[in-house]
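Below: the structure, in structure tokens.
In the working numbering, the protein residues as written are 202 to 534.
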């Protein structure tokens with residue numbers, strides 16, 4: 202009788218030790234996987250926050266640049282309109298002066314004084330210079346028109362960029378939703394780990410009970426009763442070990458799904474970074490266009506200086522016309 206009891210005891214203890222080792226192994230591996238997944242999610246959250254800050258800063262800078270470009274475009278349009286009006290006035294004045302000079306040349310006699318002929322030559326040279334400056338103004342107006350076309354292209358590109366910004370905002374919303382799902386799954390994994398901890402504590406209590414039963418098996422009075430209790434405990438431990446195995450398998454499946462989702466999120470973040478690089482290239486292109494607009498502004502300043510010079514020439518022509526009229530009066534007398 203004592204030999205049979207010792208064999209049963211050894212078999213039960215061996216099975217309990219094997220089941221305990223399996224449960225501890227699965228518990229440790231699941232904890233490691235959970236720690237690794239939490240570290241990766243924290244890194245992803247940090248990268249997402251940094252990227253969001255950079256994105257919003259770039260959007261603000263881009264809006265400021267667009268507003269500045271619009272204001273410069275309006276100023277350039279106003280200046281071009283003013284220049285067109287001034288060029289038309291200069292053309293009318295030139296035609297009037299040419300007609301007056303033609304009439305003077307027809308009415309003049311061949312015996313006029315040499316000083317008067319020299320003045321007419323100087324007036325003709327001034328008119329030629331005046332024509333050259335008008336042609337330069339027309340060329341500058343063509344340059345302004347080309348800059349206006351460039352500005353229209355810039356506005357079209359800005360609209361495309363705004364559409365891309367909206368798309369990126371939509372992607373950010375989707376990524377935030379994915380992060381929320383990942384957080385919910387992390388909470389579920391934490392609950393499962395707490396359940397595993399409670400199961401592990403229950404297993405320890407069962408092990409302590411088994412040890413107590415082993416101590417009680419030494420007495421020969423309660424052998425049959427203790428054997429039945431041990432048998433029930435054995436069946437209970439086997440059932441619980443199977444349940445723990447099923448729970449651990451479910452946890453491993455959940456961890457695999459979480460890792461797959463994290464990989465998908467990383468791929469999406471790479472795509473977002475690529476789009477951000479494209480936006481930076483377009484911003485550099487806009488900066489080059491801003492420098493071109495600065496060149497146009499410098500050309501406008503030169504045009505203003507030339508217009509002042511034209512005004513001085515007009516005053517000189519007016520003086521010449523007055524002298525011509527005085528000479529006419531002298532000739533008539």
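Ideal placement from N, C-alpha and C gives every residue a C-beta, glycine not left out.
Quantities reported herein were computed from a predicted structural model and do not represent experimental measurements.
Item, Value
"With a threshold of 7 Å on Cβ separation, who are the neighbours of residue 266 within its own chain once the five nearest residues in sequence on each side are excluded?", "487"
"Is the beta carbon of residue 348 closer than 7 Å to that of residue 484?", "no"
"I want to know whether the segment 367-380 touches the segment 461-478 - three or more CB-CB distances under 8 Å.", "yes"
"Measure the alpha-carbon distance for residue 386 versus residue 459 and round it to whole angstroms.", "8 Å"
"Could you name the residues of the same chain whose beta carbon sits closer than 6 Å to that of residue 478, not counting the 5 residues immediately before and after it, in chain order?", "none"
"Out of 402, 390 and 293, which has the shortest C-alpha to C-alpha gap to residue 449?", "390"
"Taking its Cβ as the centre, do 16 or more other Cβ atoms sit within 10 Å of residue 220, making it buried, or is it exposed?", "buried"
"Let me confirm a value: residue 404 is counted as buried when at least 16 other C-beta atoms fall within 10 Å, else exposed. Which label applies?", "buried"
"Please classify residue 461 as buried or exposed, where buried requires at least 16 other C-beta atoms within 10 Å of its C-beta.", "exposed"
"How close, in whole Å, do the beta carbons of residue 504 and residue 327 come, if the pair is a contact with beta carbons under 8 Å?", "Incorrect: roughly 20 Å between the Cβ atoms, too far for contact."
"Between the Cα of residue 287 and the Cα atoms of 533, 507 and 519, which residue gives the shortest distance?", "507"
"Below 8 Å on the Cβ atoms is my guess for residue 280 versus residue 501; work out the distance and round it to an integer in Å.", "5 Å"
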